[in-house]
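Colleague: I have a structure I would like to understand better, so I am pasting it below and will then ask my questions one at a time.
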Ligand SMILES: Cc1cc2nc3c(=O)[nH]c(=O)nc-3n(C[C@H](O)[C@H](O)[C@H](O)COP(=O)(O)O)c2cc1C
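Numbering (the numbering used here), first residue to last: 785 to 968.
Here's what the structure looks like:
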């Protein structure tokens, strides 16, 4: 299985990245390919609403940036992992810009293409307790569900104000590794 992971936190190797990498560790132990990308390093300013993807002027996206290069790889992947910190009660801006750039995976009239049937895992991290922002996970499930993707797990980390806060919650890292190991 080819797994592509995206981390929407500008904190290098912060809580979100550590959980996503733990999923990757488990997945690699089960023989899966795992690649992780930091969305904050991609200078992705989001969709320009040029409609080139909808009018089929381009295969994927008319924007000349690193994310456009990755879109065909997403089409080819079996599983997408998306990790985001909770920023102002929602996904981070880097994450939202990434999600907007998935529009090439919608045909006109919003019919999903290329993503249906792929698995996905979400990871969210917040300073507040985990129960406070399940709305962010619900939003991501709604969005990936719209693309007819298959939920392979949601990890919701809370109480994570410090960059290394997750090191004090080894049970979450274990849950992440197990989730990756069980991917089929
Ligand atoms: C701009 C900004 C906004 C934030 N907004 C929230 C919030 O609305 N609720 C919350 O519980 N934590 C909030 N936080 C804290 C982060 O969600 C938390 O520290 C998270 O673990 C960061 O993940 P990271 O280590 O992967 O960057 C915010 C942090 C920043 C920098």
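C-beta: ideal position from N, C-alpha, C; glycine also.
I think residue 914 touches residue 941, with their Cβ atoms under 8 Å apart; what is that distance to the nearest whole Å?
Modeller: Yes, residue 914 and residue 941 are in contact; Cβ-Cβ is about 6 Å, under 8 Å.
Colleague: How about residue 799: is its Cβ closer than 7 Å to a heavy atom in ligand 2?
Modeller: Although ligand 2 was asked about, the structure shown includes only ligand 1 as ligands.
Colleague: Shortest alpha-carbon distance to residue 803 belongs to which of 897, 958 and 966?
Modeller: Considering only alpha carbons, the answer is 958.
Colleague: Ignoring anything shorter than 3 residues or poking outside the stretch 862 to 942, list the beta strand (DSSP E) runs there in chain order.
Modeller: Entirely contained in the stretch 862 to 942, the beta strand (DSSP E) runs reaching 3 residues are, in chain order, 863 to 871, 903 to 909 and 934 to 941.
Colleague: Let me check you understand the geometry: is the CB of residue 844 closer than 7 Å to at least one non-hydrogen atom of ligand 1?
Modeller: Flag unset: Cβ of residue 844 not near ligand 1.
Colleague: Nearest to residue 811 by alpha carbon, out of 788, 928 and 946?
Modeller: Considering only alpha carbons, the answer is 788.
Colleague: Please tell me whether residue 825 has its Cβ less than 8 Å away from any Cβ of chain D.
Modeller: Included in the structure is just one protein chain, with no chain D present.
Colleague: So, for residue 816: in the same chain, excluding its five sequence neighbours on each side, which residues have a beta-carbon less than 7 Å away from its beta-carbon?
Modeller: So the list reads 785, 787 and 967, once near-sequence residues are dropped.
Colleague: What are the boundary residues of the alpha helix (DSSP H) that includes residue 804?
Modeller: Taken as a continuous stretch (DSSP letters only), the alpha helix (DSSP H) holding residue 804 covers 799 to 813.
Colleague: Looking at C-beta atoms only, is the number of pairs between the stretch 870 to 890 and the stretch 917 to 929 that lie closer than 8 Å three or more?
Modeller: Segments in contact, yes.
Colleague: For residue 853, does the count of other Cβ atoms within 10 angstroms reach 16, so buried, or fall short, so exposed?
Modeller: Answer is exposed; the Cβ neighbour count stays below 16.
Colleague: Under 7 Å from any heavy atom of ligand 1, does the C-beta of residue 882 make it?
Modeller: Residue 882: no, Cβ never under 7 Å from ligand 1.
Colleague: Confirm the yes/no value for this check: CB of residue 870, any heavy atom of ligand 1, distance under 7 Å.
Modeller: Yes, ligand 1 has a heavy atom inside 7 Å of this Cβ.
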